[in-house]
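Numbering (this note's numbering), first residue to last: 15 to 104.
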């Protein structure tokens, strides 16, 4: 079992009770929240999150946009010297 698959998910009540979010949206939030523990932000790609939940990258992208619009996450894209991008979700 990899390090990222250990433990449990935590879902704040405000997210749990938000009628704007579907159940899978809430699970994705909980997974993102869990992945922020090591570095203070979530590094996971849409493909990584989608694979875990059996969803497409496009689906994950829409959920991340929804979570951001609802005020539950912030997203930052870092571009380094060789123009590669790394997304950070807080």
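Virtual Cβ for every residue (Gly too), placed ideally from N, Cα, C.
Once the 5 residues before and after residue i are set aside, which same chain residues still bring their CB inside 8 Å of it?
| i | result |
| --- | --- |
| residue 50 | 56, 103, 104 |
| residue 99 | 91, 92, 93 |
| residue 80 | 34, 35, 39 |
| residue 82 | 88, 89 |
So what does DSSP say about residue i, is it helix, strand or coil?
| i | result |
| --- | --- |
| residue 15 | Reliability fails at residue 15, whose pLDDT of 37 lies under 50, so the model's placement of it is uncertain and no value is given. |
| residue 69 | coil |
| residue 51 | coil |
Nearest to residue i by alpha carbon, out of the options?
| i | options | result |
| --- | --- | --- |
| residue 21 | 101, 48, 75, 78 | 48 |
| residue 59 | 23, 71, 24, 52 | 71 |
| residue 54 | 69, 89, 83, 28 | 89 |
Please return the same chain residues whose Cβ sits closer than 7 Å to the Cβ of residue i, not counting the five positions on each side in sequence.
| i | result |
| --- | --- |
| residue 73 | 64 |
The alpha helix (DSSP H) that contains residue i, what's its start and end?
| i | result |
| --- | --- |
| residue 105 | The requested residue 105 does not occur in the structure, where the chain is confined to residues 15 to 104. |
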